[in-house]
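These notes are about the structure you will find just below.
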Amino acid sequence: MPDQPLLSARDIVVDYPGTPPVRAVDGVSFDLWPGEVVGLVGESGCGKSTMARVLTGLIKPQSGQVLYRGRPLPPLGLRGRSPEWTGIQMVFQDPGSSLNPRRRVGDQVADGIATARLRAAYERRQTARSARSLTATDSTAAPPRSLGPEAGPVLDPTTGPGAYPDRDTVAAAPRAAGDQAPATPEAWLERIGLTARDASRFPRHFSGGQRQRIAAARAMAAHPNVLIGDEPISALDASTQAKVAHLMCVMAAELGTSLLFISHDLSIVRLVADRLIVMYQGHVVERGPTEQVWSDPLHPYTKALLGAIPAPDGAGRLPEAAPPGVTYSLTEVVRSD
Amino acid sequence: MSEPPSDLTQTPPTPVPAAADRRPTVAPASPASPDPVSLLGRPRRRRLWRAIPKAWRTPLGLVAGVVAVAWLVIAVVGPSIVPHDPLAQDLPRFQPPSSTAWLGTDELGRDVFSRVIAGARVTILLSLLLVCLSMLIGSILGVVAGFFGRWVDEVIMRLTDLVMAFPTVILAMVTAAALGASLLNAVLAALVVSWPSYARVVRSMVLSLRTSEFVASGRLLGFSPVRSMRVDILPNVAGPTLVMASLDIGTAALLLSGLSFLGLGAKPPMPEWGSMVATAVQNFDKWWLGLFPGLAILTVVMAFNFLGDALRDQLDPGATKA
């Protein structure tokens, strides 16, 4: 199945109520492939965060579809989410509210681990069920003998292909495999540079950067196939930003997780992303490999965005600001290579 | 972290009531009068001091705690320690405080001290019952309204608007009058008017928590609504609600006493502070009739209010720093 995108957005349109309604996202489509890191950039209010919430199912789009492993993602309603969809995780923007203030961080990370277990068990069951239905359709004349000896190796939950199905069947890139990942909250906290003793502490005892790392650890502990970072670093100071972004990428690479990194800060995204998607006023205006977009931006808005990055060259120049009132074309530029 | 708060040097503004001096259960209460300088020098008392949660190490918190605990003890053991039967009419009428009747006698020759002690059970236990019930009903309705939203929310909130549109005491009076005068009906009447504030507060907290990022994270991790509620929402709602409830105990005591004062609560022979004050009003020159039950109401209300303040300081996650 490597020819299928892991997560794809098809013509997403989101309106926020008002008079007249505000169209936050207007026909955005993109794919996220297994194992890649995609940067979604754009100025504030361009619809990046709305896209993040649509991709996780927190918002139901007015029209369009989100497909996760080829199946439409149900929006998150009142009912709990089935383990089928917990392969999509998110790290939020605000370090002050991304963790429950009244629970020990160890317990919160443990929730992620429990989710990973539940999904592994669920996918083992699914694999077993599809194996069973296969044997049943093979011999249509005979009654289905689901527990026959020939089904044995498939049904064995420890050695069957379903042991880590979310990793092995979907991933295109070779994986470091889930069993190298930490398996206890303490190990996860050590993985992100805290100590095991911190597991019994509360979020208020940690700095903003530490909280974002804990939030990332909780999301990664769920062994997601897709991790969406909705400006996870924008509330942090510069050195912490790099640390958290780097950690998220390294962890995603270790587990083979695809990462959609949303930010308004191109200079950090450039360091982590394989591909860039540039959004402007609810539209995708440019996309392509990071180095190409960085060195050869085609769309005038991308050029302006790149020009707005301050250069620490000692010359004391202010970044070129777009003149007020300038609007850019909303049609996407297509690279011809 | 190691030194007690500096405001300890000020004297507690709560007057220790005269009635409290005679209560047999009130210990000398050594932690209530701490001297910060001598405390630092004495390791044993310092350890005792440290054992008290930080938010309670204030004069008000300590005094309130001692007074509230004393009243609770009196409410439980009261009837077995009274010097006279609170219903017996065997003493001379309208006697001022003396060595036989410590706080004097009332218009039927009953011992006021015994009646104040016996009245603690009625007022305090019923106030606690009332607050617990209204917190329970209000919180459940508030959680349901906040969590399910839409028409459920509309119906519940319009109901609270309806109840809140009436003056509290009037509505309680109407309910008590309709149900008939009895203490239990007074509690029911007070319940009718006191649950909406809980429903409102809990609903607004649930609403804002429901959209918060850690709740969304939990939902993405596959939390069922029940688990999300139990793990992420309720613990964050419980603190403020408990504080509100502890502040409400005083109000409940006042409301119940008020209903009894108006003759809608306790029936005549029963010792109840509100109805005792009501008889005192008819015999205004006999000051001991009204003063002591009034002081009892005052100390209970103030103690639980200060207790609520201390509880709020303790439960506020930002206030305690490790």
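Residue numbers (our numbering), protein chains in the order written: chain A, 109 to 445; chain B, 2 to 323.
Backbone N, C-alpha and C fix where the C-beta goes; we use that ideal spot for every residue, glycine too.
Because the structure is a prediction, the values reported are computed rather than measured.
Grab me the residues of PRO93 of chain B's own chain with a C-beta within less than 7 Å of its C-beta, minus the 5 sequence neighbours each way, in chain order.
Here residue 93 of chain B refers to the residue found at position 92 when the second sequence is read from its first residue. So the qualifying residues of the chain are THR106 and GLY110.
If you draw a straight line from the alpha carbon of VAL441 of chain A to that of VAL393 of chain A, how long is it in whole angstroms?
Indexing the first sequence from 1 puts residue 441 of chain A at position 333. Indexing the first sequence from 1 puts residue 393 of chain A at position 285. Cα-Cα distance, rounded: 6 Å.
With the cut-off set at 8 Å, would you say ASN237 of chain B and ARG326 of chain A are in Cβ contact?
Here residue 237 of chain B is taken as the residue at index 236 of the second sequence, counted from 1. Here residue 326 of chain A is taken as the residue at index 218 of the first sequence, counted from 1. No. Outside cutoff.
Cross-chain neighbours of ASN306 of chain B in chain A, by beta carbon under 8 Å:
The residue labelled residue 306 of chain B in the question sits at position 305 within the second sequence. In chain order: nothing, as chain A lies at least about 25 Å away.
Residues, ordered as in the chain, of the region 215-232 of chain B that lie near chain A by beta-carbon distance below 9 Å
PHE215, VAL216, ALA217, SER218, GLY219, ARG220, LEU221, LEU222, GLY223, PHE224, SER225, PRO226, VAL227, ARG228, SER229 and VAL232
With THR283 of chain B as the anchor, note down where its alpha helix (DSSP H) starts and where it stops.
What you label residue 283 of chain B is simply residue 282 of the second sequence in a count that begins at 1. Before going further, note that residue 283 of chain B is Gln rather than Thr in the sequence given. That run of the alpha helix (DSSP H) goes 274-283.
What distance in whole Å lies between the Cβ atoms of SER206 of chain A and SER229 of chain B, which are believed to be in contact at a cut-off of 8 Å?
Stepping through the second sequence from its first residue, residue 229 of chain B is reached at position 228. Stepping through the first sequence from its first residue, residue 206 of chain A is reached at position 98. No, SER229 of chain B and SER206 of chain A are not in contact; Cβ-Cβ is about 15 Å, not under 8 Å.
Consult DSSP for HIS85 of chain B and reduce its assignment to one of helix, strand or coil.
Locating residue 85 of chain B in the second sequence gives position 84, counting from the first residue. Of the three classes helix, strand and coil, the one that applies to HIS85 of chain B here is coil, per DSSP.
With which residues is ALA117 of chain A paired in a DSSP beta bridge?
Within the first sequence, residue 117 of chain A is the residue found at index 9, counting from 1. DSSP output for ALA117 of chain A lists A:PHE138 and A:VAL174 as bridge partner(s).
With 8 Å set as the bound, which would you pick, yes or no: does the beta-carbon of SER135 of chain B sit closer than that to a beta-carbon of chain A?
Within the second sequence, residue 135 of chain B is the residue found at index 134, counting from 1. So no, SER135 of chain B is outside the interface.
Anything in chain A within Cβ reach of SER205 of chain B, meaning under 9 Å, just list it in chain order.
Mapped onto the second sequence, residue 205 of chain B falls at position 204. Neighbours of SER205 of chain B on chain A: none; closest Cβ ~16 Å, over 9 Å.
What would DSSP say about ILE196 of chain A, mapped onto helix, strand or coil?
On the first sequence, residue 196 of chain A is found 88 positions in, with the first residue counted as 1. Strand.
Starting from the N-terminal side, write out each stretch of the alpha helix (DSSP H) that is 4 residues or longer and does not extend beyond the region 138-168 of chain B.
151-165
Am I right that ALA76 of chain B and ARG122 of chain B are in contact with their C-beta atoms under 8 Å? What's the rounded C-beta distance?
The sequence position of residue 76 of chain B within the second sequence is 75, counting from 1. The sequence position of residue 122 of chain B within the second sequence is 121, counting from 1. Yes, they are in contact, since the Cβ atoms of ALA76 of chain B and ARG122 of chain B sit about 5 Å apart, within 8 Å.
Return the Cβ separation of ASP219 of chain A and LEU222 of chain B in integer angstroms, given the expectation that the two are a contact with Cβ distance under 8 Å.
Mapped onto the first sequence, residue 219 of chain A falls at position 111. Mapped onto the second sequence, residue 222 of chain B falls at position 221. That pair is a contact at about 5 Å.
Give a yes or no on whether the minimum CB-CB distance between ASP8 of chain B and chain A is below 8 Å.
Here the question's residue 8 of chain B lines up with position 7 in the second sequence. At ASP8 of chain B the pLDDT is 45, less than 50, meaning the model places this residue with poor confidence; the figure from the coordinates comes in the next sentence. No, no contact with chain A.
Interface residues of the region 138-149 of chain A facing chain B [CB-CB below 9 Å]:
none
Identify the residues that DSSP records as bridge partners of MET136 of chain B: which are they?
In the second sequence, residue 136 of chain B corresponds to position 135, counting from 1. Its beta-bridge partners do not exist; DSSP assigns none.
Who are the Cβ neighbours of ALA200 of chain B in its own chain at under 6 Å, not counting the five residues just before and after it?
Locating residue 200 of chain B in the second sequence gives position 199, where the first residue counts as 1. Once the five neighbours on either side are set aside, the close Cβ partners of ALA200 of chain B are GLY139, LEU142, GLY143 and THR161.
Are the CB atoms of VAL121 of chain A and ASP134 of chain A nearer to each other than 8 Å?
Position 13 of the first sequence, counted from the start, is the residue given in the question as residue 121 of chain A. Position 26 of the first sequence, counted from the start, is the residue given in the question as residue 134 of chain A. A contact, by the Cβ cut-off of 8 Å.
In whole angstroms, give me the CA-to-CA distance for LEU368 of chain A and ALA423 of chain A.
Numbered from 1 along the first sequence, position 260 holds the residue referred to as residue 368 of chain A. Numbered from 1 along the first sequence, position 315 holds the residue referred to as residue 423 of chain A. Distance between the alpha carbons of LEU368 of chain A and ALA423 of chain A: 34 Å.
Rounded to whole angstroms, how far is the Cβ of VAL352 of chain A from the Cβ of GLY301 of chain A, which I believe are closer than 8 Å?
In the first sequence, the residue the question calls residue 352 of chain A occupies position 244. In the first sequence, the residue the question calls residue 301 of chain A occupies position 193. Incorrect: roughly 10 Å between the Cβ atoms, too far for contact.
Below 8 Å on the Cβ atoms is my contact criterion, and I expect VAL322 of chain A with PHE310 of chain A to pass it. Report the Cβ-Cβ distance as a whole number of Å.
Start at 1 with the first residue of the first sequence, and residue 322 of chain A comes out as number 214. Start at 1 with the first residue of the first sequence, and residue 310 of chain A comes out as number 202. According to the sequence provided, residue 322 of chain A is Ile. The question's Val does not apply to it. Rounded, the Cβ-Cβ distance is 11 Å, inconsistent with contact.
For ARG179 of chain A, tell me which candidate among A:VAL136, A:LEU163 and A:VAL358 has the shortest Cα-Cα distance.
Numbered from its first residue, the first sequence carries residue 179 of chain A at position 71. Minimum Cα distance to ARG179 of chain A is reached at A:LEU163.
So is PRO128 of chain A buried or exposed if we call it buried at 16+ other beta carbons inside 10 Å?
Position 20 of the first sequence, counted from the first residue, corresponds to residue 128 of chain A. That one is exposed.
Please say whether VAL301 of chain B and GLY291 of chain B have beta carbons closer to each other than 8 Å?
Locating residue 291 of chain B in the second sequence gives position 290, counting from the first residue. Locating residue 301 of chain B in the second sequence gives position 300, counting from the first residue. No.
Taking Cβ-Cβ distances below 9 Å as the criterion, which residues of the region 224-236 of chain A are in contact with chain B?
LEU226 and ARG227
According to DSSP, is ASP314 of chain B part of a helix, a strand, or is it coil?
As a first step, residue 314 of chain B is located in the second sequence; it is residue number 313 there, counting from the start. DSSP places ASP314 of chain B in helix when its eight states are reduced to three.
For the alpha helix (DSSP H) that contains MET159 of chain A, what are its first and last residues?
Within the first sequence, numbered from 1, the residue matching residue 159 of chain A stands at position 51. 156-164 is the extent of the alpha helix (DSSP H) around MET159 of chain A.
With a threshold of 8 Å between beta-carbons, can SER213 of chain B be considered close to chain A, or not?
Sequence index remark: in the second sequence, residue 213 of chain B carries index 212 (1-based). Interface residue, yes.
Can you find at least 3 beta carbon pairs, one from the region 379-399 of chain A and one from the region 141-148 of chain A, that sit closer than 8 Å?
yes
Starting from ILE376 of chain A, trace the alpha helix (DSSP H) both ways and give me its first and last residue.
Position 268 of the first sequence holds residue 376 of chain A. Unbroken alpha helix (DSSP H) run through ILE376 of chain A: 374-380.
Which residues, in order along the region 308-321 of chain A, keep a beta-carbon less than 8 Å from a beta-carbon of chain B?
ARG309, PHE310, ARG312 and HIS313
Cα-Cα separation, ILE417 of chain A to LEU379 of chain A:
In the first sequence, counting from the first residue as 1, residue 417 of chain A sits at position 309. In the first sequence, counting from the first residue as 1, residue 379 of chain A sits at position 271. Distance between the alpha carbons of ILE417 of chain A and LEU379 of chain A: 14 Å.
Thinking LEU257 of chain B and ALA191 of chain B are a contact (beta carbons under 8 Å), I'd like their distance in whole angstroms, please.
Residue 257 of chain B sits at position 256 when you count from the first residue of the second sequence. Residue 191 of chain B sits at position 190 when you count from the first residue of the second sequence. Going by Cβ atoms, the distance from LEU257 of chain B to ALA191 of chain B rounds to 6 Å, so yes, they are a contact pair.
Taking a contact to mean a Cβ-Cβ separation below 8 Å, would you say GLY259 of chain B touches GLY275 of chain B in this structure?
For the purposes of this step, residue 259 of chain B is identified with residue 258 of the second sequence, where counting begins at 1. For the purposes of this step, residue 275 of chain B is identified with residue 274 of the second sequence, where counting begins at 1. Yes; because the gap between Cβ atoms is below 8 Å, this pair is in contact.
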